[in-house]
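Colleague: In this note's numbering, the protein residues as written are 56 to 163.
Once you've had a glance at the structure underneath, I'll fire off some questions.
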Amino acid sequence: MKDIGKKILLFLILQITYPNIFYILLVPEIYTAPIYVLYLLTNYVIALADTLIRPLTKERNPSKIYSFLILLMFLLSPFLLIAAFYENKLLISSILPFWDNYIVSYIG
Numbered sequence: 056m057k058d059i060g061k062k063i064l065l066f067l068i069l070q071i072t073y074p075n076i077f078y079i080l081l082v083p084e085i086y087t088a089p090i091y092v093l094y095l096l097t098n099y100v101i102a103l104a105d106t107l108i109r110p111l112t113k114e115r116n117p118s119k120i121y122s123f124l125i126l127l128m129f130l131l132s133p134f135l136l137i138a139a140f141y142e143n144k145l146l147i148s149s150i151l152p153f154w155d156n157y158i159v160s161y162i163g
């Protein structure tokens, strides 16, 4: 039961709190677009399932490159959604106004 508590705490801190700090600071209007809210909810559900299913590791992977890449991907993950939002808002709407909708940003 302690492992599940640790997993839930890690999920709340790492998967919900960390990205939402950047979303609130950089793109607060992301919560008004239904496609982005759907993306966030899907991300949270999959991350929660992954967190609950995967066991906590007792030993670290000896590869420093692997650990660095995993950390880098985690730290950059909120910025992918932010970049997609601004891509649609700034680039697509000015160059291709016909394709100016949220689904283009979501798929892109």
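For glycine and all other residues, C-beta sits at the position ideal for the given N, C-alpha and C.
First and last residue of the alpha helix (DSSP H) that includes PRO110?
Modeller: Mapped onto the sequence shown, residue 110 falls at position 55. Per DSSP, PRO110 belongs to no alpha helix (DSSP H) and is neither H nor E.
Colleague: Which of the three DSSP states, helix, strand or coil, is assigned to SER149?
Modeller: Working through the sequence shown from its first residue, we reach residue 149 at position 94. Reduced to three states, the DSSP call for SER149 is helix.
Colleague: Can you have a look at PRO110 and say buried or exposed, based on whether 16 or more other CB atoms are within 10 angstroms of its CB?
Modeller: Residue mapping note: residue 110 aligns to position 55 of the sequence shown, counting from 1. So PRO110 ends up on the exposed side.
Colleague: So for ALA139, helix, strand or coil by DSSP?
Modeller: Residue mapping note: residue 139 aligns to position 84 of the sequence shown, counting from 1. ALA139 falls in the helix class under three-state DSSP.
Colleague: Let me know the secondary structure DSSP gives VAL100 once reduced to three states.
Modeller: Working through the sequence shown from its first residue, we reach residue 100 at position 45. Helix at VAL100.
Colleague: Once DSSP output is grouped into helix, strand and coil, what is the label at SER118?
Modeller: One-based indexing of the sequence shown puts residue 118 at position 63. SER118 falls in the coil class under three-state DSSP.
Colleague: So, does the region 63-79 touch the region 127-138, judging by three or more C-beta pairs under 8 Å?
Modeller: With the cut-off at 8 Å, the region 63-79 and the region 127-138 touch.
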